[in-house]
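Chemist: In this note's numbering, the protein residues as written are 1437 to 1576.
Every residue gets a Cβ at the ideal spot worked out from N, C-alpha and C, and that includes glycine.
Remember, it's a predicted structure, so these values are computed and weren't measured experimentally.
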């Protein structure tokens, strides 16, 4: 899905839920849909400022929390604090232990494989992978 298609989809979901799509909220969603990175609220604020968007830091944070509360974007907590990404569909993550980047990873659902091990019903499963990303590997 292209960045603009992703943005259109998430904006439509916001509208269907009754959430107002302010210019600031649209700018935040456009930024998140245009990057594969998982960004902190501070990084989102700085990128919006550099792009000439008129938005305050508290507005960025409040909009992120509102979008997370409706599952329109995801939030990941790591050693650097909360990081936000646009995807809310089931997927997994790769964390680079050198530069801190978090990448989305599409893997087959491991829940059926784990079903027998837990001897119960697995409703969801999140895989977090840790290692060194390709960029860091080629720099060494």
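Note the first and the last residue of the continuous beta strand (DSSP E) segment covering residue 1532.
Modeler: 1528-1532 is the extent of the beta strand (DSSP E) around residue 1532.
Chemist: Apply the 10 Å Cβ neighbour rule to residue 1456 and answer buried if 16 or more other Cβ atoms are within range, or exposed otherwise.
Modeler: By the neighbour-count rule (16 or more Cβ atoms within 10 Å), residue 1456 is not buried but exposed.
Chemist: Consult DSSP for residue 1518 and reduce its assignment to one of helix, strand or coil.
Modeler: Here residue 1518 sits in strand by DSSP.
Chemist: Would you mind working out which of 1477, 1482 and 1525 sits nearest residue 1513, comparing C-alpha positions?
Modeler: Closest option to residue 1513, Cα to Cα, is 1477.
Chemist: Are there 16 or more other CB atoms within 10 angstroms of the CB of residue 1496, so buried, or fewer, so exposed?
Modeler: That one is buried.
Chemist: What does a CB cutoff of less than 6 Å around residue 1469 pick up in its chain, not counting 5 residues either side in sequence?
Modeler: Excluding positions up to five away in sequence, the list reads 1439, 1442, 1443 and 1522.
Chemist: Give a yes or no on whether the C-beta atoms belonging to residue 1551 and residue 1541 are separated by under 8 Å.
Modeler: Taking 8 Å as the Cβ cut-off, residue 1551 and residue 1541 do not qualify as a contacting pair.
Chemist: With distance defined between alpha-carbon atoms, name the residue in 1465, 1445 and 1527 nearest to residue 1502.
Modeler: Among 1465, 1445 and 1527, the Cα nearest to that of residue 1502 is on 1465.
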